[in-house]
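Peer 1: Here it is, the structure in full.
Numbering (the UniProt record's numbering), first residue to last: 1 to 998.
This is the structure:
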């Protein structure tokens with residue numbers, strides 16, 4: 001039988017008899033029994049004090065403040081605030097959660113930037129008596145919950161004058177991080193002309209002592225208390241089965257049918273998402289063992305080795321003391337040295353300070369422990385010091401031998417343990433196996449100090465924890481800030497005139513548009529969940545993909561209900577608007593500078609599942625409608641980097657063959673996702689004729705988003721995502737392509753510049769009229785883009801500058817930042833190559849661009865290009881890469897299957913990708929095969945003269961011959977490019993030119 005929750009009403013009406021007004025608090029039976037005190041002022045103020053175990057306390061302060069038309073309002077305010085001050089505790093108490101809530105009868109009051117003066121959203125003056133009330137909340141370090149969690153808090157009251165935000169919930173800092181979301185209920189389930197402000201609090205561990213929330217001065221000390229999301233040990237299928245059954249049993253309760261129903265109410269959608277999260281968290285904690293947090297500096301050596309190490313240090317210290325004892329007490333007895341030593345040295349160094357009864361007792365214990373027989377004398381003098389020192393040295397040698405034996409045993413145990421784990425990983429976790437064999441270490445940094453440059457160009461070291469948190473939040477919150485005043489692009493007229501026709505909507509079939517927001521099917525959901533990877537970091541709640549993989553299929557209807565409610569409203573649940581940000585270093589050493597880090601965003605797994613479904617639909621829509629420019633297809637079905645690499649190499653080959661100059665320039669984009677203007681993104685989506693509801697849902701995904709940075713063993717306070725889109729969202733790469741596509745349209749529309757690829761071949765070799773009876777193909781390549789990698793192609797520097805002028809205008813109004821100083825030019829113009837640099841007009845800026853040398857390569861999308869097709873450096877690179885990787889694996893104790901896996905799945909694919917645009921000569925192929933075979937023979941203990949054919953035989957597990965791989969890969973690439981609409985013209989032109997040359 002389902003349990004029924006009982007509620008109690010604490011009513012507090014105004015007793016003047018003039019109208020039915022006042023305030024009240026409704027409290028459940030569970031909390032009602034914890035009430036320790038109630039105090040009221042009729043109709044205006046309610047104070048409720050609740051006491052819990054471990055001396056935790058919740059204080060509720062309910063206010064109904066008088067309006068401007070209320071008589072005697074000044075006295076009412078004074079009475080209320082005086083009473084409130086009596087109940088408010090000024091002492092710092094880390095076990096006290098305070099809430100101030102009610103109808104404050106003032107419209108959207110907030111403080112200015114200096115937190116000094118309360119002001120209203122409509123800029124009207126806050127009355128003096130009410131102003132003091134808000135200043136009181138500020139001084140007591142309360143925070144407006146909706147202002148904290150929502151970018152634009154909704155209004156709560158409406159009349160013929162307009163809409164106003166009159167109702168508030170304030171909370172103290174201790175409880176703020178526990179508030180998961182907040183909302184306003186607009187459907188009236190009670191008799192009031194105000195909407196209800198609600199908030200959801202994470203009650204897990206709410207009343208448990210937490211070291212990290214202790215006294216404020218403790219913030220300077222590191223803590224081992226884990227304040228991040230929970231992680232769980234999952235050992236076997238049986239545990240997962242228990243989890244599955246518990247969820248199945250829980251969701252069979254009738255109350256979940258009431259929660260998960262079709263709705264357009266945003267509060268109900270928030271409740272549905274929050275209910276799912278809380279249910280899974282509770283069941284996970286009941287089912288799985290929670291991992292214990294291990295300090296980063298914890299010594300992993302066994303206790304025995306640590307004890308022997310301490311004994312070594314103790315004996316070593318005594319031997320060190322003996323050296324000084326001899327100098328200070330024995331040498332002075334020698335007449336030859338009497339005059340050379342000061343007579344008062346004894347007071348600086350006395351034998352009684354180190355040869356004590358405690359030291360002798362410790363020596364005796366150590367001697368027994370290490371089977372050393374010697375009776376240590378109680379007195380140290382010049383007669384016995386030599387023998388004692390000799391015995392100490394022997395004891396020290398014995399301990400050293402024992403330490404070496406224990407250490408070797410421990411190391412051998414670890415080696416065998418990791419070999420055994422590596423063998424298990426070969427079947428279950430190939431990623432971890434490869435990380436172990438190839439010595440790949442995760443990129444981690446500890447932000448325990450920062451180096452900053454002040455406004456006066458002084459280098460400053462920051463070690464204070466609060467300052468580090470503040471600087472970190474400021475960096476990641478403003479990483480994509482606008483370099484100029486942000487422009488709102490709400491209408492087409494607000495766009496620059498040149499770009500208005502570019503952003504004009506291109507109508508698409510309605511049936512394809514409707515498919516984007518059609519109800520998600522069970523098949524879509526199941527296929528998406530099955531495709532999810534394992535062992536991925538979770539978001540704030542700690543719920544991983546595995547939780548959803550073992551979610552009962554019979555209850556997938558609950559997930560579908562939530563997802564389809566979101567699709568029909570465009571509302572993103574509040575529980576999905578929080579994320580964790582984990583900084584990792586860029587390839588270079590970060591040197592304690594945040595500018596040299598990049599963020600990894602950890603999002604809620606259920607949100608990522610939903611967005612993955614939407615992304616797949618959007619991808620299909622863009623592919624079917626050919627909505628994007630052909631040279632901007634990153635992430636779209638059927639496209640990859642191969643098309644761009646082939647196009648660039650074709651431009652080089654044909655221009656070299658026809659003795660024409662070409663100029664290929666690559667540019668560097670900075671913080672692409674973080675700098676996206678959401679208004680302009682809406683225009684970019686509208687340009688592709690995406691439905692308004694779909695656009696609203698996408699924009700809501702990034703509005704009101706909150707991040708918290710993981711710093712060591714704690715989290716910073718949450719902060720708003722003020723600009724851009726979330727880098728960790730699966731849909732973000734496609735949104736960037738949409739955002740960037742207008743530039744490609746504008747450049748493709750130009751009638752000048754680019755690199756012309758053309759071929760002409762007679763249909764009949766005996767027909768002299770070549771112009772009429774011939775095959776003609778022409779292709780113009782001006783620009784190639786793959787996400788934030790942009791490559792410009794041209795036969796003229798002047799035309800290149802014209803294209804860059806158009807691009808610079810686009811970058812300026814779209815807030816895209818270009819590192820113009822990092823541009824590089826690949827050209828066969830020998831004069832420029834000789835100079836090494838050249839000046840190019842990039843929009844309004846004249847920049848100096850480095851020109852790639854004659855024998856050097858330019859790396860584009862992982863492929864290395866040379867302007868004169870001189871690939872010697874590339875050949876050296878792939879040989880060095882092969883040598884380096886085989887050198888690492890030769891030292892490892894791995895099996896035959898492992899070495900075959902590493903070579904065939906890692907080394908050869910990497911080399912094949914690097915050389916996909918060229919034909920590798922036979923002698924280089926042979927060199928690589930020799931290196932790989934040598935490593936294979938070394939690891940498998942085969943003789944050097946073992947048959948080569950046996951190593952490469954396809955009958956048994958074998959190493960792929962690199963020469964064979966080249967043939968297969970080139971044929972596969974040729975076949976794929978021939979039938980790809982993006983590259984088919986390139987292939988046709990190459991074929992026609994080959995026929996002509998033949």
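Cβ atoms here follow ideal geometry from the backbone N, Cα and C, with glycine treated the same way.
1. On the CB-based measure, 16 or more other CB atoms within 10 Å of its CB, does residue 89 come out buried or exposed?
2. Give me, in chain order, the residues of the same chain whose beta-carbon lies closer than 6 Å to that of residue 118; leave out the 5 immediate sequence neighbours on both sides.
3. For the alpha helix (DSSP H) that contains residue 526, what are its first and last residues?
4. What are the start and end residues of each continuous beta strand (DSSP E) run of 3 or more residues lying completely inside the segment 626-677, in chain order?
5. Where does residue 374 fall in DSSP's three states?
6. Can you look up residue 1029 in the DSSP assignment and give me helix, strand or coil?
7. Quick test of your reading: residue 747 and residue 781, contact by CB under 8 Å. State the CB separation rounded to the nearest angstrom.
8. Closest to residue 489 by C-alpha separation, out of 908, 994, 813, would be which residue?
9. Please report the distance separating the alpha-carbon of residue 201 from that of residue 601.
10. Give me whichever residues DSSP pairs with residue 838 in a beta bridge.
11. Does DSSP put residue 254 in a helix, in a strand, or in coil?
12. Would DSSP call residue 158 helix, strand or coil?
13. Which residues mark the beginning and the end of the alpha helix (DSSP H) in which residue 568 is found?
14. What three-state label does DSSP hand residue 791 in the structure shown?
15. Output the boundary residues of the alpha helix (DSSP H) element that contains residue 881.
16. Assign residue 454 to one of two classes, buried (16 or more other C-beta atoms within 10 Å of its C-beta) or exposed (fewer than that).
17. If you count every other CB in all the chains shown that lies within 10 Å of the CB of residue 215, and 16 or more means buried, which is it?
18. On the DSSP letters alone, give me the boundaries of the alpha helix (DSSP H) that residue 897 sits inside.
19. Got a sec: is the Cβ-Cβ distance from residue 936 to anything in chain C below 8 Å?
20. What residue does the beta strand (DSSP E) around residue 182 start on, and which one ends it?
21. What span of residues does the alpha helix (DSSP H) with residue 137 cover, start to end?
22. Which residues mark the beginning and the end of the alpha helix (DSSP H) in which residue 699 is found?
23. Run the CB neighbour count on residue 538, radius 10 Å, all protein chains shown included, and call it buried at 16 or more, exposed below.
24. Let's see if you can read the secondary structure: which residues bound the beta strand (DSSP E) around residue 760?
25. Within 10 Å of its beta-carbon, does residue 387 have 16 or more other beta-carbons around it, so buried, or fewer, so exposed?
26. With H, G and I counted as helix, E and B as strand and the rest as coil, what does DSSP make of residue 357?
27. Tell me the rounded alpha-carbon separation between residue 968 and residue 581.
28. Could you give the distance in angstroms between the alpha-carbon of residue 661 and the alpha-carbon of residue 951?
29. State whether the segment 434-451 contacts the segment 910-925, with contact taken as three or more CB pairs (one from each stretch) at a distance under 8 Å.
30. Might you give, ordered along the chain, the residues of its own chain that have their beta carbon closer than 7 Å to the beta carbon of residue 691, omitting 5 neighbours on each side?
31. Please check the pair residue 890 and residue 935, which I expect to be a contact at CB under 8 Å, by giving their CB distance rounded to whole angstroms.
32. Where do the N-terminal and C-terminal ends of the alpha helix (DSSP H) with residue 938 fall, by residue?
33. Roughly how many angstroms separate the alpha carbons of residue 398 and residue 604, rounded to a whole number?
34. Considering only C-alpha positions, which residue in the set 776, 554, 651 is nearest to residue 992?
35. Is it the case that the segment 615-632 contacts the segment 551-561, given that we only count it when at least three CB pairs across the two stretches are under 8 Å?
36. Under 8 Å: do the segment 785-797 and the segment 723-740 share three or more Cβ pairs, one atom per stretch?
Peer 2: By the coordinates alone:
1. exposed
2. 109, 111, 126, 131, 134
3. 522-530
4. 663-670
5. coil
6. Not covered by the structure: residue 1029. The range shown for the chain is 1 to 998.
7. About 11 Å separates the two Cβ atoms, so there is no contact after all.
8. 813
9. 23 Å
10. 849
11. helix
12. strand
13. 556-569
14. strand
15. 872-890
16. exposed
17. Because the pLDDT of residue 215 is 36, which lies under 50, any placement of that residue in the model is unreliable, and the question is left without a value.
18. 896-902
19. You won't find chain C in this structure, because it holds only one protein chain.
20. 179-185
21. 128-139
22. 692-702
23. buried
24. 755-762
25. exposed
26. helix
27. 43 Å
28. 47 Å
29. no
30. 513, 516, 517
31. 6 Å
32. 922-940
33. 57 Å
34. 776
35. no
36. yes
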